[in-house]
Structure formats: structure tokens, C-alpha cells
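These protein sequences, in sequence, are chains A and B. Residue 168 in the numbering used here sits at position 168 of the first sequence, and the numbers go up by one each step. Residue 304 in the numbering used here sits at position 304 of the second sequence, and the numbers go up by one each step. Quick reminder that beta carbons are idealized off the backbone N, C-alpha and C, glycines included.
There are 2 protein chains.
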Amino acid sequence: MFKYIQTSGKARRGTLKTAHGEIQTPFFMTIGTAGAVKGLLPSEVRALGGQIILSNTYHLHLRPGEDIVAKAGGLHKFMNWDGPILTDSGGYQVFSLAKIRKLKDDGVEFQSHLNGETIFLTPEKAIEIQMKLGSDIMMVLDECPAADADRTYVEKSLKLTTDWAKRCQTFFIKNRRDAPWRVSTNPSGLFGIVQGGMHHDLRKQSAQQLVDIGFDGYAIGGLSVGEPNATMYNMIDATVPHLPTDKPRYLMGVGTPQDIVEAVERGIDMFDCVLPTRNARHGHLFTSQGIVRIKNEQYKNDFTPLDPECQCLACTQFTKAYLRHLFMAKEILSLRLNTLHNVAFYLNLMKQIRAAIENDRFGEFKKEFLDNFKV
Amino acid sequence: MFKYIQTSGKARRGTLKTAHGEIQTPFFMTIGTAGAVKGLLPSEVRALGGQIILSNTYHLHLRPGEDIVAKAGGLHKFMNWDGPILTDSGGYQVFSLAKIRKLKDDGVEFQSHLNGETIFLTPEKAIEIQMKLGSDIMMVLDECPAADADRTYVEKSLKLTTDWAKRCQTFFIKNRRDAPWRVSTNPSGLFGIVQGGMHHDLRKQSAQQLVDIGFDGYAIGGLSVGEPNATMYNMIDATVPHLPTDKPRYLMGVGTPQDIVEAVERGIDMFDCVLPTRNARHGHLFTSQGIVRIKNEQYKNDFTPLDPECQCLACTQFTKAYLRHLFMAKEILSLRLNTLHNVAFYLNLMKQIRAAIENDRFGEFKKEFLDNFKV
């Protein structure tokens, strides 16, 4: 499934094969939480260089429900995206969005943040939902402890996460090819998720336990939850050596352009984050010169492009003064153009990262990038 | 400026020449209130068959201000639309949106609905703003009385509207070619606006007074303000015979697809309305079979296109079930696709209307259309 091409230091350049095409690594997954990238068409994400979309099991289970998506022929057909889709397991959202949750050995009971309905999510159910969605890369159900959780809690939580990972894998293997309710006939990949809080030894233990079970790829979860950047980078360093080199490594929910560059340097292949799309909606735009807060007075009469190095529609067809006007006037087109640009920026960053590794100059690239990118 | 090609009954098929290209009549103007069509790119409006965009003087004066637009090189450059633009005068918005307004002989004082700032709009100022925007077709400042205003009020208001129309024309002629602050070097058109409430004789009087002054086109204002449809059609009939046949006729702010068909039959050439764009945002979609309220339960599992006769993106790439999901999930893509479709529907209706007049079968077309279009 995963193939190496080239390394530059610990940074890796490879390909990841899925039932919906091969992905060039390292890559960033544009977020399409509820089966739609905020304001963008799938064809636009593709044109910007998007290779894969991430959707959320939790959101799609609540609305419209996986059975409707399955009836549509799966999420690819439902949302009209023919590239690969990764779905998370819903674990993180249960802990961050849902009201009142009760953790049990068997699974987690929670109330929908939409209508208060009580839902019981088990490891098996999480995989079943993802299979009905027709996901290309599925994630195990995990528990993500808070950054300040004490060691006793994290240890207990880790045991549960490992047990659930095993149960997910058993259910996945049993049903991936012949369950009548699965959507795709193509075998999909299942990824484990390393937890262990901010403890080196627990991260190592988690990685080893998951590798013993055996997954198609390994994610690092529970980071970027409020800890300092240095701690996050440290936890990546504590985990990566215990993951197999022939499987893809996915840093979940990270991060800023700086974080991505730092993590690639530490051997990470896959990323997802709401930053480009969410920040776009708040007028917080990523450019080759750094962050532009488009509502700032200084852009009122600025008829230059948002980012002269960017080839997206927002940068080639409009000026900062117009983008500022759209933002101040709360125009829908503002959300759309800002999102388009930020996604273009992230996808373009990944292209530059891949080229730098190919030319075995990732270290230099990283230095140049961080020097130019002003926060 | 306006040229006849063909009639079918009283329905007229012609062309209207502007500095930014020739428009085929009858036509519908997509609303771009604040210099942007809600959620759509100018290139998309064009691809759907949009020939002209309408923008609002009131909104653009308040934000970003006509001086910024002028510095950008005019509204066409600011919003990146190279087709014709019609701007209203702000009169209607002062009466419908602004807080506390004082009508004076000289103009109207009002408070901005955005920040409460006191603004004094005169006929001359309304034209100056439109000239700074670089509008192709400008409208005179008028007063629009409420549908239930008494005759004494309407008579007084009409006198003011006629006086203001004359002042607008004087100012327009004086400045159209050599005022240093005007944006376009191309002469633009100025339209008068017939008022007169729901009184046949006052409508006639208004039309005759405006024709005496002499404008490039004539609008009928003050309709679709709450009166019954029959009254509106009646007022059109009371006005049209008093307008010259060699000038375009514009029914302001109207209307439903049915209204448009009825008005074309009565000799109207131009329309604008917020219905397609505003209703789109409320999930109220126009189709060849009638109105679809996309949030309805019945579309949950409906994997057919929204309108099988429509060639827009929303209809060719997605299903009703997906459009319903996007609407329920309050996705930005829902606003975008719904707007795209409704604009496509209106622009396509105008194409069908033009073809029917060309084939001298407008009466039959009208009957077929109204039979199929279920409200």
C-alpha cells in the first residue's frame, strides 16, 4: 500500500495506493466534515492539487446517517468526489463535541450535539459506519485524553484504546470483503492510532501494541490539544522510531504550516487540519509572506493580489481591497474565496515539501520557508 | 441604444447596447447588491447566460464607499465583471432599509443601517456615486411610496420624483463626459422611474413627465410592494402605452417566474429581483416542475437530480438527497449550489422567453410554462 521513493534526512517521499487512486506523500487532507468541503466543489479541491478528502464519521452518522450515504452508493458518489476518502472514527468528536458522555469498556455513550439523542458507539459500530460510507482509509475508535490528564488516567485510557483497536481490526478483517452492508467491494485500509498523552514511555508502549496487532498505517493522535509546540514535536520523536518504516504515518489534526514542516522533518507522511478552512472563514489567510488578516484597515486601498506567488482564483482575479470588502460585507463569496486560497496554500506547501525531499534538500527548504513565513 | 428585432403580441425581442457589450432583451439582471453575487463568481454568472449584473448604490456608498471603487478603476474592475452593470439610485433602499429618514425638497437624510451615520442623499449625489462606480445604466433618485399610501401623499411624492428626475438628468448630462471624478470614459445611459402608486392617471402623468424630460430608458418603480398581482399587472398596462416604443422598459424588483412571463407579455424588456438568490438561501428552489423546498423529508432518499431539465452544476453533479443534506447541515456549499441553480433557472427562463418571441409564439409559451410550473 505504501511505497518509498526517496528520503531527505528523516523526511520521506512516497506513494500510498488506495482503491480510488495513488496519493503522493507527504500529503495534506482537506477537511470535508459533513461530506462537503466548506464552500468548495470537489472538482475545485482536485484542481488545487487535492489528492484526498477527510470526512467525519461522527457528523455523517448524526446527519444524514450512514444508511442514506450507503443508499447513494457511498460517500464518493454522494458528494461527487472520485478520489480517496479517509474517515476518522468519531472518537475525537465524541470527546470534543458531544454532550454528556459515559465511557464504558464496551464503547462510549453520548448525546448528539444536534438533537440530544443518546447514541452508543462501539469499536465495531465505528468500523461498520465507515464501511457503509465506503471509506478508503478507516480509523480505529480511540479515546483522546486531554493534554493535562494525569498519568493514571492516560494509562487506563491507553489500555482501552489498545483493546478497541484490536476489536476494530477483528471486525474490519471479518467484514471487509463480504459483509452485505459494506459499500465498496475494494478492500480499504485500517489505521491504528497511537495515544499515550505527553509520556514518552506510554507513546512507545502504544506504538508497539498497535504494531503487534498490525495495521495498514499508523496515526499519532492526542496531540495539538493545547500542549506547547516543543512537547508536540517531542512526542512525535518519541513515537516515530517505534513505527514500521514501510507503513504511512499520520499526524492527526495538525497543524500550522510551521507544524507541518517540523513534522515532515520528523518522518510524518499525512496531515489533516481544520486550520486552512476554519481560519479562512475568519479572514485569517495564509500567504507566502505569512499571515494576512484581511479585515485590517491597511488593505482598504490595497489593489495588489493577496499572494503574488499563488495561482488560485482569489489571488489571480481579485485584489486585497476587494477581498477585504467581501469580508466586511459578510458576503458568501468571501467564505468561498478565502477558503479556496487557504486550501491552495496548504496544498501548494505540500507540493513544495515533496519537491524538496525529491531533491534531497528538505533541510534547506525548511529554513527558507520558516524565514519567509511571518506569523 | 435599444433596437427592436421582433414582437409577439406586445412582447418585444430586441438588443440593448452598452459600453460593456450588447444585451439581448428581454433579460433578467442577477443581483450583486454589494458588488458580488451571493456566493457566485462573475465568470459563473456569465457561463449561466447572465448578461448584466445589478448593484446597489446605497450599499456600495456605505461600504466600501464609491471612492475606493473608483480607485480600483470602477466596479467592473473591482468585482472582475466585464459585462454591463446597472446601478439603482439608492432611493428604494433609503426607504426600505435605512433608519430614521427625513424627506426634504433637496434630497433625503437618513441613517445608515450599518453604523447609524447620518447621510444626505441628493439627486445629484446619487448620480455622482453611480458615475464613480462606472455604471453602464444609472437610475434617477426617486421616492417609492408604500402600496397603501393615500392619494394626496402619492401626488406630492410624484411631484418630488419628477423634480428629482429632472435634476438627475441635468447633472448627468453636465458630467457624463468631462467630470474628472467619473470612472468610465464611455457615455452611460440614465433611466427615469415611473411612480404614481396604484393610480392609473398618476402613472400616466408620471410616464408623460419623464418622457418630456427624455431618458435612455424607462423603469416602472413602486410595484411588487405588497399589492395584489392583478393590481401590479394593471399598473403595467396603465403605464406602458405612455412609454416610447424605441426605449427599453424596466420593471423594477419583479418578480416570480409567473410575474416575469406576465410582464413580458405586457411589453416589459428588463427585470431584476432578489427572489432567485434570496430564496436559494432559504432552500426554496425554482425548477421546470415548480417550486422545490429542498428541506422537505421527501427528498431525504431522493437520488434524482433537482431539475432534470437544468444543465447547471447543482443539477448535473449532485442529487436532491445531497442538496437536502447540505441544506440541513447549513453547509456553505448549499448556499452556493442553490444560488447557482436558481440563477440558472431565471436566466434559462429568459432564454426560453426570447426564443418564444423570436418564433412569434409567446402566447403559447406562456400557457405551457404556467401549466407546468407548480407553486
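Check                                                                                                                                                                                 : Outcome
Can you give me the start and stop residues for the alpha helix (DSSP H) that MET1/A sits inside?                                                                                     : Here MET1/A belongs to no alpha helix (DSSP H), and DSSP marks it neither H nor E.
Whole alpha helix (DSSP H) runs in the region 208-260 of chain A with 4 or more residues, listed along the chain?                                                                     : 229-239
Take every Cβ of the region 4-22 of chain B, pair it with every Cβ of the region 260-278 of chain A, and state whether three or more of those distances are shorter than 8 angstroms. : no
Starting from the beta carbon of MET377/A, find every residue of chain B whose beta carbon is closer than 7 angstroms, and list them in chain order.                                  : Nothing can be reported for residue 377/A, as the shown portion of chain A is limited to 1 through 375.
Can you find at least 3 beta carbon pairs, one from the region 309-321 of chain A and one from the region 332-350 of chain A, that sit closer than 8 angstroms?                       : yes
Output needed for ALA219/A: all residues of its chain with C-beta closer than 6 angstroms, excluding positions within five of it in sequence on either side, in chain order.          : PHE191, ILE193, TYR250 and MET252
When you compare the CB positions of LEU337/A and PHE318/A, do they come within less than 8 angstroms of one another, or not?                                                         : yes
With DSSP collapsed to three states, give me the class of PHE95/A.                                                                                                                    : helix
For the alpha helix (DSSP H) containing GLY189/A, name the first residue and the last one.                                                                                            : Not the alpha helix (DSSP H): GLY189/A falls in the beta strand (DSSP E), residues 189-194.
Closer than 8 angstroms by beta-carbon distance: list the chain B residues that pair up with MET328/A, in chain order.                                                                : ARG63 and PRO64
Apart from the five residues just before and just after TRP407/B, which ones in its own chain have a Cβ nearer than 6 angstroms to its Cβ?                                            : Chain B is shown only over 1 to 375; residue 407/B falls outside these bounds and no answer can be derived.
If you run the structure through DSSP and keep just helix, strand and coil, what is ARG293/B?                                                                                         : strand
Find out if the Cβ-Cβ distance for the pair SER89/A, VAL140/A is shorter than 8 angstroms.                                                                                            : yes
Using CA atoms only, rank isn't needed, just tell me which of GLN208/A, LEU114/A and ALA126/A is closest to VAL108/A.                                                                 : ALA126/A
How would you list, in chain order, the residues of chain B whose beta-carbon sits under 7 angstroms from the beta-carbon of GLN317/A?                                                : ASN80
Measuring only between beta-carbons, confirm whether GLU297/A sits less than 8 angstroms from chain B.                                                                                : no
Using a Cβ-Cβ distance cut-off of 8 angstroms, determine whether ASN301/B contacts chain A.                                                                                           : yes
Which residues in chain A have a C-beta closer than 8 angstroms to the C-beta of HIS284/B? List them in chain order.                                                                  : Near HIS284/B there are no residues of chain A at all, since even the closest Cβ is about 16 angstroms away, more than 8 angstroms.
Closer than 7 angstroms by C-beta to VAL45/A: which residues in its own chain qualify, once you throw out the five before and the five after it? Chain order, please.                 : THR30, VAL37, ILE53 and VAL343
Give the residues from the region 26-54 of chain B that approach chain A closer than 9 angstroms (Cβ to any Cβ), ordered along the chain.                                             : THR33, ALA34, GLY35, ALA36, VAL37, LYS38, GLY39, LEU40, LEU41, PRO42 and SER43
By Cβ distance below 6 angstroms, which residues in the same chain neighbour CYS144/A in space, the five residues on each side in sequence not counted?                               : TYR92, PHE95, GLY221 and GLY222
Residues of chain A with CB closer than 9 angstroms to the CB of ALA72/B, please, in chain order.                                                                                     : ASN301, PHE303, THR319, ALA321 and TYR322
Which same chain residues, not among the five before or five after PRO373/B, have their C-beta less than 8 angstroms away from its C-beta?                                            : Position check: residue 373/B holds Phe in this sequence, whereas Pro was assumed. Closer than 8 angstroms at the Cβ level, and outside the excluded window around PHE373/B, lie PRO257, GLN258, SER288, GLN289 and GLY290.
Which of the three DSSP states is assigned to GLN51/A in this structure?                                                                                                              : coil
Am I right that MET461/B and PRO248/B are in contact with their C-beta atoms under 8 angstroms? What's the rounded C-beta distance?                                                   : No answer is possible for residue 461/B: it lies beyond the span of chain B, which begins at 1 and ends at 375.
Three Cβ pairs or more, each shorter than 8 angstroms: is that satisfied between the region 358-370 of chain A and the region 57-72 of chain A?                                       : no
How many Å lie between LYS300/B and HIS325/B at the Cα?                                                                                                                               : 8 angstroms
Mark ARG354/A as exposed unless 16 or more other C-beta atoms lie within 10 angstroms of its C-beta, in which case mark it buried.                                                    : buried
If the cut is a Cβ gap below 8 angstroms, which residues of chain E does LEU333/A touch?                                                                                              : Among the protein chains in the structure shown, which are A and B, there is no chain E.
Give the C-beta separation of LYS10/B and GLY267/B to the nearest angstrom, bearing in mind that I take them to be a contact with Cβ-Cβ under 8 angstroms.                            : 4 angstroms
Output the boundary residues of the beta strand (DSSP E) element that contains ALA149/B.                                                                                              : No beta strand (DSSP E) contains ALA149/B, which DSSP labels as neither H nor E.
At a cut of 8 angstroms, does the region 222-234 of chain A reach the region 172-190 of chain A through at least three beta carbon pairs?                                             : no
Out of GLY116/B, TYR322/B and GLY49/B, state which residue places its alpha-carbon closest to the alpha-carbon of PRO26/B.                                                            : GLY49/B
Given a threshold of 16 other Cβ atoms within 10 Å of its Cβ, counted over all protein chains shown, does TRP181/A qualify as buried or as exposed?                                   : exposed
Mark GLY283/B as exposed unless 16 or more other C-beta atoms lie within 10 angstroms of its C-beta, in which case mark it buried.                                                    : buried
If contact means a Cβ-Cβ distance below 7 angstroms, which residues of the region 262-290 of chain A contact chain B?                                                                 : none
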